[in-house]
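> Please read through the structure below; I'll follow up with questions.
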Amino acid sequence: MTVRVRMPRFAAMATVSALALSLAACGGTTKDSASSNGNGTAAGGQASANPNAPIKKGLKIAFLPKQVNNPYETIVDNAGIAAAKEYGGEAKEVGPSDASASSQVSYINTLVQQRHDAILIAANDENAVCGPLKAAMAKNVKIVAYDSDTAKDCRNLFINQASSEEIGRSQVKLLSDQIGGKGEIAILSATANATNQNTWIKFMQDELKKPEYSGMKLVKIAYGDDDDQKSFQQTQGLLQAYPNLKGIISPTTVGIAAAARYIGGSKYKGKVTLTGLGTPNQMRQFVKDGTVKQFALWDPKNLGYLASYAAAALASGQITGAEGEKFKAGKLGERTVGANGEVILGPPTVFDAKNIDQYNF
Amino acid sequence: MKFDARGLIRWETAVTALLVLVFVGGAGVSPDFANGDNLSFALGDLSEIALIALPMTLLVVCGQVDLSVASVLGLCSALTGWLWNAGWAIETIIPLVLVVGVVCGLINGLLVTRLGLPSLAVTIGTMTLYRGLAYVVLGTEAIAQFPQRYTDLATTSVPGTPIPYPIALFALLAIVTAVVLHATGLGRSLFAIGSQEDAAYFAGIRVKRIKLVLFVVSGVVAGFAGIVFTLRYGSARADNGLGLELTVIAAVLLGGIDFDGGKGTLGGVIAAVLLIGLLRNLLMLNDVSTEIQSIVTGLLLIVSVLTPRLIAVVRESRAKGGGARPASPAPAASS
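Protein sequence lines, in the order shown, are assigned to chains A and B. The numbering of the first sequence is numbering that gives the first Met the number 0, which starts it at 0 and goes up by one. The numbering of the second sequence is numbering that gives the first Met the number 0, which starts it at 0 and goes up by one.
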């Protein structure tokens with residue numbers, strides 16, 4: 000009996016308290032009324048830069064990748080850690096084992112507690128890490144985003160592997176050089192709505208409008224959905240549908256490998272040129288057997304190396320992250336901070352039979 | 000609240016002792032551990048787990064489990080973001096999202112009580128279903144730029160203390176839950192249902208209704224945790240809180256609640272939640288890798304489930320040898 004009386008009261012209590020909580024502030028906060036928020040602390044710019052300051056000794060920096068044990072990120076981070084040794088700093092890699100939005104947050108707090116001078120982060124979610132990063136910057140910890148950016152006001156710098164424009168335009172040039180600027184060409188992309196792929200393709204199409212490429216004609220953009228099997232079939236389809244096809248650009252690591260596998264085993268080997276973005280380990284056999292002459296990708300080692308030096312330059316006061324500032328990045332030479340605190344690694348590295356064995360990733 | 004006199008080695012006492020040990024040891028080992036900033040962060044990091052652990056404790060005491068909580072959290076986070084993006088006021092979004100939490104809990108509860116299905120199976124199903132719905136709402140998009148007033152509420156601490164607001168709220172709700180579980184007829188009914196459901200039914204306890212209400216409470220708290228999660232990270236996503244249900248259940252079991260129902264205290268669960276959070280924080284501060292962190296949590300959990308069983312087995316065999324001694328409720332009997 001007692002139970003029957005108490006049940007509704009308990010349920011009501013839970014509901015009422017929850018509702019009361021939600022209705023506590025009845026100001027009416029909508030997206031529009033709050034749109035000014037999010038520009039709390041300005042990234043850099045408050046301190047003045049001293050380009051001649053020496054790199055401080057014993058800087059403590061940490062790499063926080065999207066996920067540990069990811070082969071690509073391990074290469075980037077290890078190169079950054081090695082760079083720190085060059086300038087007399089101490090660096091390490093820590094991070095979550097899953098690439099979820101929130102999993103990096105506790106690591107940011109930990110690194111701040113451990114009094115690191117700079118945190119380098121490849122963000123899983125550009126906003127989820129923002130609050131803790133701003134708190135870190137307020138404690139004078141320098142934040143460098145690399146590989147995958149955070150919201151702009153939550154970091155001092157973003158080290159961009161390559162500009163989208165440069166990637167798109169250089170792919171066309173790469174193919175043109177190999178086919179002598181003449182003939183029908185096709186693109187084998189990932190999914191039809193992949194933002195980065197579509198941006199690159201737009202720049203490729205724009206590049207093709209230049210007079211020096213007037214002999215080249217883009218006949219088809221195919222989508223392999225970053226699925227090995229599907230990319231393989233799409234390549235087969237392209238070559239059958241366009242018998243005069245001279246070249247294919249596949250700006251995706253899955254697509255280029257699948258296309259190379261098809262071409263390498265078909266009568267088109269040596270007749271159709273394939274290029275795009277791929278990793279050396281994936282493409283090594285196709286370069287060695289002559290299926291592919293040249294392809295490109297940014298060098299992940301240089302990305303980590305540059306990010307490491309950028310963090311050191313920030314923590315030593317050489318730069319603050321403002322546009323136009325310059326710093327020396329070891330063997331990579333001098334770099335300039337661009338708009339929005341971006342530092343671009345540079346043109347993608349082109350891999351061919353001569354240099355491919357120097358890379359292992 | 001009758002305990003065996005020999006029950007000095009109650010598991011929840013051991014967990015509390017371990018918690019104190021981790022705290023004191025941590026403060027000694029790592030200078031960065033026991034300061035306000037770090038503790039505030041470590042506590043804040045537990046917000047959703049702690050909140051959801053309260054109704055989960057009640058459910059497990061009752062012999063039930065709700066595996067869909069993290070998916071309800073994700074669905075409610077996605078809805079919060081979607082409505083916010085559509086220009087709704089946050090004051091309208093919160094009650095609406097809580098209603099969705101109620102509905103999710105109601106579906107779980109009705110499937111369990113009306114169709115008589117085991118809660119483990121039902122909530123494995125709705126776990127996938129609700130997560131799927133979350134992706135339908137938001138896809139892989141992330142919605143950000145929530146009002147600072149609310150994100151501050153989720154991230155800042157009560158002035159003068161290292162206690163973040165969501166944890167302060169948890170403390171209040173924990174007191175309410177503790178009173179309900181340990182000092183009311185309803186609480187006794189929960190233990191009764193957990194140890195012998197049929198007996199409880201024949202004793203006049205409205206078993207189905209109680210279970211239904213517990214699932215609804217679990218749903219609404221998970222929904223609320225979804226809002227807290229969204230505001231705390233300032234990011235609404237369909238994959239928010241993925242896998243969180245396992246941490247919550249781990250905390251409940253580590254806290255000494257018997258998975259077969261009918262045994263345990265809320266105090267033990269609260270100590271376990273804090274232990275998991277502080278231990279994780281301490282391991283991280285000492286650069287222990289994530290893999291080792293999961294191994295430590297896993298081992299702790301196995302020990303926590305195993306030890307009370309072993310104690311019970313030892314006790315029982317002694318009782319048999321020593322003649323007629325009234326056995327305290329022996330959990331080993333059910334396995």
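Where is the CB? At the ideal position from N, CA and C, for every residue including glycine. Note that the structure is a prediction, hence the values are computed from the model and not measured.
With 8 Å as the limit, tell me which residues of the segment 80-91 of chain B have their beta carbon closer than that to any beta carbon of chain A; keep them in chain order.
Answer in chain order: Trp83, Asn84, Gly86, Trp87, Ala88, Ile89 and Glu90.
> Counting only beta-carbon separations shorter than 9 Å, does A:Glu124 have a partner in chain B?
Here residue 124 of chain A is Asp; the residue named in the question, Glu, does not match the sequence. Closer than 9 Å to some Cβ of chain B, the Cβ of A:Asp124 qualifies, so yes.
> Mind checking if B:Ala167 is an interface residue toward chain A, Cβ cutoff 9 Å exclusive?
Cβ-Cβ to chain A under 9 Å: no for B:Ala167.
> Just checking, does the segment 81-90 of chain A make contact with the segment 275-295 of chain B on the three C-beta pairs under 8 Å criterion?
As far as the Cβ criterion goes, the segment 81-90 of chain A does not touch the segment 275-295 of chain B, which means the pair count is below three.
> Give me the chain B residues within the contact set of A:Pro279, using Cβ-Cβ distance strictly less than 8 Å, ordered along the chain.
In chain order: nothing, as chain B lies at least about 28 Å away.
> Could you tell me which chain A residues have their CB closer than 9 Å to the CB of B:Phe22, listed as they occur along the chain?
Residues of chain A passing the Cβ test: none, with the nearest at roughly 16 Å.
> Who pairs with A:Phe157 in a beta bridge, going by DSSP?
In DSSP, A:Phe157 forms a bridge with A:Ala144 and A:Glu341.
> Buried or exposed: B:Ser85, going by 16 or more other Cβ atoms within 10 Å of its Cβ?
Going by the sequence as given, residue 85 of chain B is Ala instead of Ser. The residue in question, B:Ala85, is exposed, as its Cβ has fewer than 16 Cβ neighbours within 10 Å.
> Note down, in chain order, every chain A residue with its Cβ under 8 Å from the Cβ of B:Leu109.
None at all; the shortest Cβ gap to chain A is about 15 Å.
> What does the alpha-carbon distance come out to for the pair A:Ile318 and B:Asp286?
Cα to Cα, the separation comes out at about 30 Å.
> Would you grab the beta carbon distance between A:Ser101 and B:Asn239 for me? Rounded to a whole angstrom, and I think it's under 8 Å.
Indeed, because the Cβ distance is near 7 Å, the residues count as touching under 8 Å.
> At 4 residues or longer, and completely inside the segment 66-151 of chain A: list those alpha helix (DSSP H) runs for me, N to C.
Counting whole runs of 4 or more residues, the segment 66-151 of chain A contains the alpha helix (DSSP H) stretches 70-85, 104-112 and 129-137.
> Of the residues B:Thr289, B:Lys319 and B:Ala120, which one's Cα is nearest the Cα of A:Ser105?
Taking only the C-alpha atoms, the option nearest A:Ser105 is B:Thr289.
> Is A:Lys292 helix, strand or coil by DSSP?
Coil, per DSSP.
> From which residue to which residue does the beta strand (DSSP E) around A:Ala52 run?
Segment: none, A:Ala52 is in no beta strand (DSSP E) and carries neither H nor E.
> When the cut-off is 9 Å and only beta carbons count, does A:Thr251 lie next to chain B?
Cβ-Cβ to chain B under 9 Å: no for A:Thr251.
> When you compare the CB of A:Pro70 with every CB in chain B, is at least one pair closer than 9 Å?
It does not; no Cβ of chain B falls within 9 Å.
> Apart from the five residues on each side of it in sequence, which residues of its chain come closer than 6 Å, Cβ to Cβ, to A:Ala306?
Excluding residues within five positions, the ones whose Cβ falls inside 6 Å are Gly79, Leu119, Val143, Tyr145 and Ile158.
> So with CB distances below 7 Å, who are the chain B contacts of A:Val140?
Going along chain B, no residue has its Cβ under 7 Å from A:Val140, so there is no contact; the nearest lies around 13 Å.
> Give the interface partners of B:Gly193 over in chain A, defined as CB-CB distance under 9 Å, in chain order.
Residues of chain A passing the Cβ test: none, with the nearest at roughly 15 Å.
> Pull out every residue of the segment 229-256 of chain B whose Cβ sits closer than 9 Å to any Cβ of chain A, in chain order.
If the cut-off is 9 Å between Cβ atoms, the segment 229-256 of chain B has Arg231, Tyr232, Gly233, Ser234, Arg236, Asp238, Asn239, Gly240, Leu241 and Gly242 near chain A.
> Closest to B:Val215 by CA distance: which of B:Ile166, B:Leu58 and B:Glu140 is it?
Cα-wise, what sits closest to B:Val215 is B:Leu58.
> Whole angstroms are fine: how far does the CA of B:Ala69 sit from the CA of B:Leu78?
Each residue's alpha carbon lies about 14 Å from the other.
> DSSP puts A:Met215 in a beta bridge; with which residues?
Answer by DSSP bridge pairing, in chain order: A:Gly182.
> Scan the segment 117-150 of chain B for residues whose Cβ lies nearer than 9 Å to a Cβ of chain A and list them as they occur along the chain.
Of all residues in the segment 117-150 of chain B, Ala141, Ile142, Ala143, Gln144, Phe145, Pro146, Gln147, Arg148, Tyr149 and Thr150 have a Cβ within less than 9 Å of some Cβ in chain A.
> Mind checking who A:Gly275 pairs with in its DSSP beta bridge?
In the DSSP output, where bridge partners are listed per residue, A:Gly275 has A:Ser249.
> Which residues in chain A sit within 8 Å of B:Phe214, going by Cβ to Cβ distance?
Result: empty, since nearest Cβ-Cβ is about 11 Å, beyond 8 Å.
> What do you reckon, are the CB atoms on A:Ala314 and A:Ala117 nearer than 9 Å?
Going by C-beta atoms, A:Ala314 is nearer than 9 Å to A:Ala117.
> When DSSP labels each residue in this structure, what does A:Tyr222 get in the three-state scheme?
The answer is strand: DSSP assigns A:Tyr222 an E or B state.
> With H, G and I counted as helix, E and B as strand and the rest as coil, what does DSSP make of B:Arg148?
B:Arg148: helix per DSSP, three-state reduction.
> If you draw a straight line from the alpha carbon of B:Pro94 to that of A:Val128, how long is it in whole angstroms?
Between B:Pro94 and A:Val128, the C-alpha separation is close to 27 Å.
> So, does the CB of A:Ser21 fall closer than 9 Å to a CB anywhere in chain B?
Residue placement at A:Ser21 is flagged as unreliable, the pLDDT there being 47, under the threshold of 50; the coordinate-derived value follows with that caveat. For A:Ser21, the answer is yes, since a Cβ of chain B falls inside 9 Å of its Cβ.
> By Cβ distance below 7 Å, which residues in the same chain neighbour B:Ala41 in space, the five residues on each side in sequence not counted?
Correct list, in chain order: Gly276, Leu277 and Asn280.
> Mind checking whether the beta-carbon of A:Gly88 lies closer than 8 Å to any heavy atom of the ligand FMN?
Within the structure as shown, the ligand FMN is missing, as the structure has no ligands at all.
> In its own chain, which residues sit with a C-beta less than 7 Å from the C-beta of B:Leu349, not counting the 5 before and 5 after it?
The question about residue 349 of chain B has no answer here: the residues shown for chain B are numbered 0 through 334.
> Kindly indicate if chain A contains any beta-carbon less than 9 Å away from that of B:Thr160.
No, because no Cβ of chain A sits closer than 9 Å to the Cβ of B:Thr160.
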